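For reference, the structure is listed below as structure tokens.
Protein chains: 2
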Amino acid sequence: MTTIHRVTSQDRRFPLKPGEGVDSIHSNPVYSYAVTFLETDKGIAGTGLAFTLGAGNELVCQAIDHLSQSLVGREIHELMADWGTVSRSLADHPQLRWVGPHKGVVHLALASITNAVFDLWAKDRGVPLWKLLLDMSPEEVVALLDLSYLDEILDRDEAITIIRNEQELRGEREEVLAKGYPGYDTSVGWFDYPDKEIVENAKRALDQGFAAMKLKVGSKDPKRDIHRTGLVREAVGEEVRLMVDANQAWSVPEALEICPRLAVNNLYWIEEPTHPDDVQGHKKIAEAVAPTAIAAGEHIPNRVLFKNFMRMGGMKIVQVDATRVAGVSEFITVSLLARKFGLKVVPHVGDMGLIHRHLVLFNHIALGHEKLFLEAIPHLDSYFVHPSVVREGVYETPREPGMGTDLKSEIHSSAL
Amino acid sequence: MTTIHRVTSQDRRFPLKPGEGVDSIHSNPVYSYAVTFLETDKGIAGTGLAFTLGAGNELVCQAIDHLSQSLVGREIHELMADWGTVSRSLADHPQLRWVGPHKGVVHLALASITNAVFDLWAKDRGVPLWKLLLDMSPEEVVALLDLSYLDEILDRDEAITIIRNEQELRGEREEVLAKGYPGYDTSVGWFDYPDKEIVENAKRALDQGFAAMKLKVGSKDPKRDIHRTGLVREAVGEEVRLMVDANQAWSVPEALEICPRLAVNNLYWIEEPTHPDDVQGHKKIAEAVAPTAIAAGEHIPNRVLFKNFMRMGGMKIVQVDATRVAGVSEFITVSLLARKFGLKVVPHVGDMGLIHRHLVLFNHIALGHEKLFLEAIPHLDSYFVHPSVVREGVYETPREPGMGTDLKSEIHSSAL
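In structure tokens form, the structure reads like this:
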């Protein structure tokens, strides 16, 4: 019996070095977490994160304060036995729902809250999140999920069947636990880095063992993007998987013009070519650049929009983010949808939110998703009690109980 | 020269009588405004509103505080000469954008801010908003709009052409200014009202001169919805336009099951049958209930999602809300999109946010949209300095300068 005694939010912000994290749209990021902190009657606490870029982080914190008070007094195992129902009731708060629904500030708050209860639950069991999830029956996993508004694509029975059918194939896949999960390096080519620096960074990433890396594009002048993409491809050779990320910079016609010209560099994917709400726009661009894949998801807020993207053919690579959708639960829901549609899941960042280190293991072993690679952005490592460890381009399997989301308390952290 | 000296937000909440405003999803609404208040060096002030249901209203107010400070010191006419560019820069705030983008709390804040500058501008000119807009050249109107991410459907030149082509047809349409704009009554059938009351209310609405009215549906038990819809149809006869509103209660299969059974009551539209992000779901339902129309929009956050809904055939009635999208500007953008796709615009509520009283006149006279009817929900009338006047089921044309959005200051208004 472990009972939640107190829920608080914390607004934690971490300045970056000049140029770090900058892309075509987000010119001055301050990497920040809206933290849900769950205190219990035992010596353990749960820490949940939602990620933001600074301003607005306090809004997510206040939404956490609003939404989370009903968790006080709840016993964690009893709570999680039917988390799908609880999650739905929080998502459908009769007043707060209006300022969403299921998107923006209130949904980020639900992400943080959800991640906190999962962290607490895993710590209470004394296991890392990936193991907590792998040890559950299919029925127990599906009881964690809010499958509302998905009836025609994925109902409870089918979700259980998908997981059950994968169970006998788990053995071989569990090798990933010893070997670790491959990473890819995003920090080679932030938007404002000069040409020389991206070439050096790309070569260094190769030396560090990464077999995949990503470059920021989305310039006003397409020639700059084409030039830089060519530079990196030339520097690393044809064997490395290279991706580019426009961070929503282009209109649909602009993307249709430039994407094929970038794709000639043998790109593994082109990420966020246009506005994240433009389902049909993504579909058109995806058709124009095939077989190069379109990747999207870091700004797709919920399972309903993911369902639309997947069914329309708007993405091949599903970059669902457990700190954007409603936490671990909706991440699993979206991963099940992707399984059904035969799409690959490569979550948005592995180390900054930390949770995805666990979830890619679950996705591979329990859902049968292909073992690909997970984004690595190390800028926040020093702020965590249990930072992710990436060696020779590979994420080590986390062994500490919980998700590893505990932040060091003494670190400088300032609200704007 | 009228310069903005100070921008503040106000959190105004107004409790309703029991049962008022209740629908299948929103069980305890407290009608609330996140107010942007612009003070100037002259004796006039601008008041902009975004509408919420209570909890979370303070989040919108704080986002207003964040986003609006760059307006201090700006001269209103100079500011509005290129509002489309300013609006885009606010919508793309490099940090706050992450907690949207263009949706939820931050976009509601932009709605409130935008509406405040339009109110101030109209007051400074000494004209009601509808006249301010009608007196502009097509080029001036289009300079108010952020058309980004719409290139392939509606660019600046085409927007100007649409408005210019309608100019010579204005004369006849201006009759609406003297006659007023028809209303429809939504308060006949809130979700929890007993059968007897909805029948009485429907008959009273008829007596008051309304020729159209709406009933809330979305019950767990479809029989209740079918029964109540039949009751109202029987009470008011076949000539009255009757609509039903499910407020997103159904999954797609549920909607496909119940909507045709409701539509036999000669419904003018079925509103929000499912989740507001489900573009394809709406398309399927629209096909199943045709020729009955699907109406949606009160929860569609921006022009990009509207573009998707329209192009996919997900709606026939566009219920864009200038207190949900980015205010007057994005309302006009969406109305232009609707014109292009041949769809009708019936904004979400005419009196509560008050702005739509003005915007339907602009839409009809300047854009050539059909004169239909505008939702009337009178519960907040007493709180406004210039409430809307609905006589014999018809909205009187507002004559006071601005939008009529000034709230009485002495009214009880409490933050939760």
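If you read the protein sequences in the order shown, they are chains A and B. Under our numbering, the first residue of the first sequence is numbered 1, with each subsequent residue one higher. Under our numbering, the first residue of the second sequence is numbered 1001, with each subsequent residue one higher. From the three backbone atoms N, C-alpha and C, an ideal C-beta is built for every residue, glycine too. As the structure is a computational prediction, the values presented were derived from the model and not from experiment.
- In this structure, DSSP gives residue 10(A) an extended state, which the three-state scheme calls strand.
- By the Cβ rule, the region 1277-1284 of chain B does not count as touching the region 1261-1269 of chain B, because fewer than three pairs are nearer than 8 Å.
- With respect to the 8 Å criterion, residue 136(A) and residue 75(A) are not classified as neighbours on the basis of their beta carbons.
- Counting only runs of at least 3 residues, the region 37-69 of chain A fully encloses the following beta strand (DSSP E) elements, listed from N- to C-terminal order: 45-52.
- For residue 185(A), the secondary structure class from DSSP, reduced to helix, strand or coil, is strand.
- Put simply, the backbone Cα of residue 1308(B) is about 30 Å away from that of residue 1173(B).
- With distances taken between CA atoms, residue 93(A) lies nearest to 1056(B) out of 1109(B), 1080(B), 1105(B), 1056(B).
- Beyond the five residues adjoining it in sequence on each side, residue 1317(B) comes within less than 6 Å, by CB distance, of 1269, 1293, 1295, 1344, 1346 in the same chain, given in chain order.
- In the three-state DSSP reduction, residue 1216(B) falls in the strand class (E or B).
- One Cα belongs to residue 212(A), the other to residue 1130(B), and the distance between them is close to 56 Å.
- For the region 1078-1109 of chain B, the residues whose beta carbon sits under 8 Å from a beta carbon of chain A are, in order, 1092, 1093, 1094, 1095, 1096, 1097, 1098, 1099, 1100, 1101, 1102, 1103, 1104, 1105, 1106, 1107, 1108.
- Sorting 1012(B), 1368(B), 1219(B) by C-alpha distance to the C-alpha of residue 1023(B) places 1219(B) at the top.
- C-alpha of residue 1017(B) to C-alpha of residue 1190(B): approximately 12 Å in a straight line.
- Taking a beta-carbon distance threshold of 8 Å, residue 280(A) counts as an interface residue toward chain B.
- A residue is called buried when at least 16 other Cβ atoms come within 10 angstroms of its Cβ; residue 408(A) does not meet this threshold and is exposed.
- Closest by C-alpha distance to residue 319(A), out of 238(A), 348(A), 114(A), is 348(A).
- Counted as a single uninterrupted DSSP element, the stretch harbouring residue 1271(B) is not any alpha helix (DSSP H) but the beta strand (DSSP E) occupying residues 1267-1271.
- Under the three-pair Cβ rule at 8 Å, the region 1363-1376 of chain B does not count as touching the region 1091-1105 of chain B.
- Closest option to residue 1031(B), judged by alpha-carbon separation, among 1353(B), 1391(B), 1362(B): 1353(B).
- Minimum Cα-Cα distance from residue 324(A) among the listed residues 306(A), 222(A), 126(A), 404(A) corresponds to 306(A).
- Contact with chain B is found for residue 308(A), since one of that chain's Cβ atoms lies less than 8 Å from the residue's Cβ.
- According to the DSSP secondary-structure assignment, residue 1003(B) is paired through a beta bridge with 1075(B).
- Residue pairing for residue 1390(B): DSSP places it in a beta bridge opposite 1395(B).
- Restricting attention to 1356(B), 1310(B), 1341(B), the CA atom closest to the CA of residue 1331(B) is found in 1356(B).
- DSSP places residue 1177(B) inside the alpha helix (DSSP H), whose first and last residues are 1175-1179.
- Among the residues of chain A, those whose CB is under 7 Å from the CB of residue 1252(B) are 151, 152, following chain order.
- Counting only residues of its own chain and dropping the five nearest sequence neighbours on each side, residue 1126(B) has a CB closer than 8 Å to the CB of 1401.
- Under the Cβ criterion (8 Å, minimum of three pairs), the region 1110-1127 of chain B counts as touching the region 1040-1059 of chain B.
- Take the alpha-carbon of residue 117(A) and the one of residue 134(A): they are about 17 Å apart.
- Taking a beta-carbon distance threshold of 8 Å, residue 311(A) counts as an interface residue toward chain B.
- Chain A places a beta carbon closer than 8 Å to that of residue 1056(B), counting this residue as a contact.
- Interface annotation, residue 1264(B): not in contact with chain A, CB-CB separation never under 8 Å.
- Straight through space, the alpha carbons of residue 61(A) and residue 1005(B) are spaced by roughly 30 Å.
- Within the region 4-30 of chain A, those residues whose Cβ lies closer than 8 Å to any Cβ of chain B are, in chain order, 25, 26, 27, 28, 29, 30.
- At a cut-off of 8 Å, the C-beta of residue 274(A) has a neighbouring C-beta in chain B.
- The beta carbon of residue 176(A) lies closer than 8 Å to those of 361, 364, 365, 371, 397 in the same chain, with the five residues before and after it left out.
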